[in-house]
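Participant:
Number of protein chains: 2
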Amino acid sequence: MTGARGFPAAEYRGRVARAQAQMSESGLDALLLTTEPDIRYFTGFLTRFWESPTRPWFLVLPAGGDPVAVIPGIGAALMAETWISDIRTWASPDLSDDGVSLLAASLADMVSEGGRIGVPFGPETHLRMPLDAWRVLAELLGDRDLTGDAGILRRLRMVKSPAEIAKIQAACDVAGRAFDRVPEIACAGIPLSEVFRRFQMLCLDEGADWVSYLAGGAGPGGYLDVIRPATDAPLAVGDLLMLDTGAVLDGYFCDFDRNFSIGPPAAETEDAHARLIEATAAGFNAARPGVTAADLFHAMDSVLTDGEAPEGAGRLGHGLGMQLTEWPSLMPADKTVLEAGMVLTLEPGLSLSGGRIMVHEENIVITETGAEWLTRPSPPEIVCLEGRA
Amino acid sequence: MTGARGFPAAEYRGRVARAQAQMSESGLDALLLTTEPDIRYFTGFLTRFWESPTRPWFLVLPAGGDPVAVIPGIGAALMAETWISDIRTWASPDLSDDGVSLLAASLADMVSEGGRIGVPFGPETHLRMPLDAWRVLAELLGDRDLTGDAGILRRLRMVKSPAEIAKIQAACDVAGRAFDRVPEIACAGIPLSEVFRRFQMLCLDEGADWVSYLAGGAGPGGYLDVIRPATDAPLAVGDLLMLDTGAVLDGYFCDFDRNFSIGPPAAETEDAHARLIEATAAGFNAARPGVTAADLFHAMDSVLTDGEAPEGAGRLGHGLGMQLTEWPSLMPADKTVLEAGMVLTLEPGLSLSGGRIMVHEENIVITETGAEWLTRPSPPEIVCLEGRA
Chain A
1 MTGARGFPAA EYRGRVARAQ AQMSESGLDA LLLTTEPDIR YFTGFLTRFW
51 ESPTRPWFLV LPAGGDPVAV IPGIGAALMA ETWISDIRTW ASPDLSDDGV
101 SLLAASLADM VSEGGRIGVP FGPETHLRMP LDAWRVLAEL LGDRDLTGDA
151 GILRRLRMVK SPAEIAKIQA ACDVAGRAFD RVPEIACAGI PLSEVFRRFQ
201 MLCLDEGADW VSYLAGGAGP GGYLDVIRPA TDAPLAVGDL LMLDTGAVLD
251 GYFCDFDRNF SIGPPAAETE DAHARLIEAT AAGFNAARPG VTAADLFHAM
301 DSVLTDGEAP EGAGRLGHGL GMQLTEWPSL MPADKTVLEA GMVLTLEPGL
351 SLSGGRIMVH EENIVITETG AEWLTRPSPP EIVCLEGRA
Chain B
1 MTGARGFPAA EYRGRVARAQ AQMSESGLDA LLLTTEPDIR YFTGFLTRFW
51 ESPTRPWFLV LPAGGDPVAV IPGIGAALMA ETWISDIRTW ASPDLSDDGV
101 SLLAASLADM VSEGGRIGVP FGPETHLRMP LDAWRVLAEL LGDRDLTGDA
151 GILRRLRMVK SPAEIAKIQA ACDVAGRAFD RVPEIACAGI PLSEVFRRFQ
201 MLCLDEGADW VSYLAGGAGP GGYLDVIRPA TDAPLAVGDL LMLDTGAVLD
251 GYFCDFDRNF SIGPPAAETE DAHARLIEAT AAGFNAARPG VTAADLFHAM
301 DSVLTDGEAP EGAGRLGHGL GMQLTEWPSL MPADKTVLEA GMVLTLEPGL
351 SLSGGRIMVH EENIVITETG AEWLTRPSPP EIVCLEGRA
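Going down the list, the protein sequences come from chains A and B. Every letter in the first sequence is one number past the one before it in full-length UniProt numbering, and letter 364, counting from 1, is 364. Every letter in the second sequence is one number past the one before it in full-length UniProt numbering, and letter 106, counting from 1, is 106.
1) Pick helix, strand or coil for isoleucine 117 of chain A, following the three-state DSSP scheme.
2) Pull up the CB-CB distance for threonine 34 of chain B and arginine 135 of chain B, whole angstroms please, since I reckon it's below 8 angstroms.
3) Identify whether arginine 298 of chain A lies in helix, strand or coil by the three-state DSSP scheme.
4) How would you list, in chain order, the residues of chain B whose beta-carbon sits under 8 angstroms from the beta-carbon of histidine 273 of chain A?
5) Could you give the residue range of the alpha helix (DSSP H) that holds glycine 14 of chain B?
6) Distance, Cα to Cα, leucine 137 of chain A vs tryptophan 50 of chain A?
7) If you measure between the beta carbons of serine 52 of chain A and threonine 125 of chain B, is that distance less than 7 angstroms?
8) Go ahead and label asparagine 285 of chain B buried or exposed: buried means 16 or more other beta carbons lie within 10 angstroms of its beta carbon, across all protein chains shown.
9) Using a C-beta to C-beta distance shorter than 9 angstroms, which residues of chain A count as neighbours of glutamate 362 of chain B?
10) Three or more beta-carbon pairs under 8 angstroms between the region 173-192 of chain B and the region 53-65 of chain B, yes or no?
11) What in chain A is Cβ-close to phenylalanine 179 of chain B, meaning under 8 angstroms?
12) Just the chain B side, please: which residues come within less than 9 angstroms of histidine 318 of chain A by C-beta, in chain order?
13) Which residues in chain A have a C-beta closer than 7 angstroms to the C-beta of phenylalanine 121 of chain B? List them in chain order.
14) In whole angstroms, what separates the C-alpha of glycine 75 of chain B from that of aspartate 225 of chain A?
15) For phenylalanine 45 of chain A, which beta-bridge partners are listed by DSSP?
16) Would you tell me roughly how many angstroms separate the C-alpha atoms of threonine 336 of chain A and leucine 346 of chain A, rounded to the nearest one?
17) Assuming isoleucine 366 of chain A is part of the beta strand (DSSP E), what are its boundary residues?
18) Leaving out five residues before and five after leucine 204 of chain A in sequence, what residues of the same chain have Cβ atoms less than 8 angstroms from its Cβ?
19) Taking cysteine 384 of chain A as part of the beta strand (DSSP E), name the residues at either end of that continuous run.
20) Any Cβ of chain A within less than 7 angstroms of the Cβ of leucine 224 of chain B?
21) Using CA coordinates, which residue listed in A/Leu249, A/Asp244, A/Leu32 is at the minimum distance from glutamate 361 of chain A?
22) My guess is that tyrosine 223 of chain B and isoleucine 357 of chain B are in contact by the Cβ rule of under 8 angstroms, so how many angstroms apart are they, rounded?
23) Measure from the C-beta of glutamine 22 of chain A to each C-beta in chain B and report whether the shortest distance is under 7 angstroms.
24) Please list, in chain order, all residues of the same chain as glycine 115 of chain B whose beta carbon is under 6 angstroms from its beta carbon, the five residues on each side excluded.
25) Considering Cα atoms alone, identify which of B/Pro289, B/Ala171, B/Leu235 is closest to tyrosine 213 of chain B.
26) Spell out the partners DSSP gives asparagine 259 of chain A in its beta bridges.
27) Glycine 207 of chain A and valine 174 of chain A - do their beta-carbons sit closer together than 7 angstroms?
28) Check tryptophan 57 of chain A in the structure and name its three-state DSSP category.
29) Do alanine 215 of chain B and alanine 287 of chain B have their beta-carbon atoms positioned less than 7 angstroms apart in this structure?
30) Output the distance between the C-alpha atoms of arginine 228 of chain B and phenylalanine 196 of chain B, rounded to the nearest integer angstrom.
31) Checking contacts by CB at 7 angstroms: is threonine 325 of chain B closer than that to chain A?
32) Assign arginine 13 of chain A to one of two classes, buried (16 or more other C-beta atoms within 10 Å of its C-beta) or exposed (fewer than that).
33) Taking Cβ-Cβ distances shorter than 7 angstroms, what residues in chain B pair up with glutamine 169 of chain A?
34) For the 8 angstroms Cβ check, are there 3 or more pairs between the region 314-330 of chain A and the region 85-97 of chain B?
35) What residues are listed by DSSP as bridge partners for residue 391 of chain A?
36) Got a sec: is the Cβ-Cβ distance from methionine 358 of chain B to anything in chain A below 7 angstroms?
Okay, structure coming up:
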């Protein structure tokens with residue numbers, strides 16, 4: 001890949017300092033983190049081994065000083081290559097005590113009795129450890145309180161550093177080159193499942209480390225939703241094909257889609273595509289520090305025919321970074337104020353005839369004065385693929 | 001792919017009936033499921049959209065009758081294509097009530113006051129919903145008790161049906177063909193990151209729907225662990241290269257690895273590889289219904305030089321199926337009695353000089369009388385790749 005992998009230690013130290021400042025304001029004596037992105041955010045620990053649900057992993061960020069990793073022994077060598085120096089391991093799996101007593105003892109080292117330990121409890125979070133173990137942990141901690149993280153992880157991770165933005169840009173570039181090559185792999189007669197496999201190969205060929213997400217759909221004049229895997233049905237003339245990918249480069253995602261017409265597009269298809277591009281541009285033009293996520297929704301929504309998000313999606317875009325989707329949501333209820341460094345998807349959709357939909361998606365970053373495209377924005381004209389088998 | 005996608009409804013009805021019989025024995029009035037594999041196990045709902053952490057998804061299995069899906073509207077169309085008919089949706093994301101009141105009302109429909117709702121709480125599980133929402137749910141449920149699932153999901157999912165085994169076999173066949181083609185993509189001078197990208201392309205080219213896992217390592221005479229992503233360092237003569245993949249076909253994983261010597265192997269490398277193959281065979285020969293996971297550990301362990309699992313791994317294999325790793329663990333403490341239909345990895349490892357290791361892995365299924373290979377087992381001789389750049 002272009003550019004060095006990972007980040008210098010200074011990047012992580014800055015994140016720790018910002019977290020500790022917010023912990024101080026919120027009266028938190030430590031943060032306890034259990035998920036892949038939260039642990040990687042402070043450590044740089046990058047592995048696909050999270051795919052295995054067997055072992056819990058923990059990171060403790062005390063009110064002062066460096067983070068402490070409390071992890072299965074199988075991760076010790078890789079964690080030792082990060083900037084983290086205090087690495088405490090146990091022999092995992094352990095059917096009777098899978099790290100819980102070591103974690104409790106570590107927390108007791110760093111947090112006095114009566115202290116408060118913040119854990120991400122809010123929207124878009126979960127606790128990646130068994131609930132039985134969580135209950136044992138609470139007992140072992142006595143009168144130390146396991147409480148919410150006061151939104152600290154959300155606030156920190158929503159605003160990307162220039163180094164993070166460069167990685168997301170690189171992931172967008174990879175997928176952009178893959179989308180340019182779709183005419184090599186898709187035409188009438190090719191099974192959708194084959195198109196999905198070949199598109200992932202194009203992403204890898206163009207430099208993706210891996211392809212964590214590919215969904216989409218194809219059908220006459222539109223598709224039914226944007227989350228399904230491929231069937232083995234062949235593409236047919238008149239189909240609208242959509243591919244939506246989250247390709248990953250050095251741990252950072254892109255998330256955007258492209259629509260294709262198999263053979264010449266119907267007028268409805270042409271018009272819908274052009275209107276989606278217009279809505280995306282409206283979102284882009286509205287994007288600047290100080291406006292809200294809801295403002296971007298309304299800017300796009302005002303261009304869409306039916307004045308509502310496509311049934312089901314519930315929003316017209318979202319945050320993006322270490323995960324395919326992150327806070328905020330571009331929807332009326334989300335009043336998150338945009339700041340420079342936030343990376344967002346703009347994802348307007350339209351309902352078409354026959355209960356079908358079309359969705360378009362681009363990625364942008366908020367700058368000091370407005371916004372910049374991270375994707376190369378699609379023109380209004382939909383790309384037409386061969387109608388011959 | 002070969003063979004139909006998904007399963008007939010009878011497969012799911014059998015799973016439901018077995019679950020309900022165990023619920024009755026355990027005095028549970030419903031199961032509440034929140035994770036991708038648990039929900040897919042009873043519904044067949046297959047999507048990569050779980051990559052987005054934004055929305056919670058729920059399935060309720062009552063003591064009698066069919067499961068009820070309580071899901072974000074974005075999933076309604078796809079869920080409607082499964083055998084599930086009772087699908088309740090809400091407009092998600094909802095920042096104030098993301099499905100919790102709908103879930104609580106649905107549970108109240110099915111579970112009387114004072115009733116017991118089982119949730120997977122044990123090893124290798126987690127709750128995929130925000131803890132704030134979990135606490136609200138508990139309040140809304142009043143004196144209905146959210147308790148453990150008595151190990152029901154673990155017991156059910158550990159024993160695979162013939163239809164599930166066929167899908168895992170197909171995933172193993174895909175990765176086996178990709179491993180056969182490694183000489184096309186790897187030799188001295190090629191960056192390891194390039195090998196990782198090209199190997200994933202081979203898996204896709206051979207028919208994988210996606211490649212959820214690829215880890216491995218390369219280094220002089222061995223590698224440091226088995227979980228790391230690739231660096232951009234080029235392969236060199238004398239390196240031992242290991243690729244360990246979880247390729248997915250129709251939602252089922254394989255999980256096995258292959259080792260390669262860059263140029264002619266050193267005597268230590270040859271000997272270690274042959275001993276790992278011998279250990280794997282010892283595990284295979286010991287595998288039959290009635291023996292324990294621990295017995296398979298000891299059968300393999302008796303062949304390994306140092307009499308212990310490689311530092312850190314903690315076990316010499318594990319279950320496999322809808323996830324890369326599942327229960328049980330092949331280790332002394334795991335006394336799970338093997339049954340026909342269990343799919344396992346055999347994964348012995350050896351410590352080598354210089355703090356390096358070598359790990360070998362195959363996949364098997366327990367039969368009525370013994371075991372069968374799902375992978376085409378590796379011969380004792382390590383495959384040698386070109387030492388010329």
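Virtual Cβ for every residue (Gly too), placed ideally from N, Cα, C.
Facilitator: According to the structure data:
1) strand
2) Incorrect: roughly 15 angstroms between the Cβ atoms, too far for contact.
3) Reading the sequence as shown, one finds histidine at residue 298 of chain A and not arginine. Of the three classes helix, strand and coil, the one that applies to histidine 298 of chain A here is helix, per DSSP.
4) Near histidine 273 of chain A there are no residues of chain B at all, since even the closest Cβ is about 21 angstroms away, more than 8 angstroms.
5) 9-26
6) 22 angstroms
7) no
8) exposed
9) Near glutamate 362 of chain B there are no residues of chain A at all, since even the closest Cβ is about 17 angstroms away, more than 9 angstroms.
10) no
11) The premise fails here: phenylalanine 179 of chain B is roughly 17 angstroms from chain A at the closest Cβ pair, so nothing lies under 8 angstroms.
12) Ser52, Thr54, Pro93
13) Pro130, Leu131, Asp132
14) 8 angstroms
15) Paired residue(s): none; phenylalanine 45 of chain A is not in a bridge.
16) 15 angstroms
17) 362-366
18) Trp210, Val211
19) 383-385
20) yes
21) A/Asp244
22) 6 angstroms
23) no
24) Asp29, Arg144
25) B/Ala171
26) A/Met242
27) yes
28) coil
29) no
30) 11 angstroms
31) yes
32) exposed
33) The premise fails here: glutamine 169 of chain A is roughly 19 angstroms from chain B at the closest Cβ pair, so nothing lies under 7 angstroms.
34) yes
35) There is no way to answer for residue 391 of chain A, as the model of chain A reaches only from 1 to 389.
36) no
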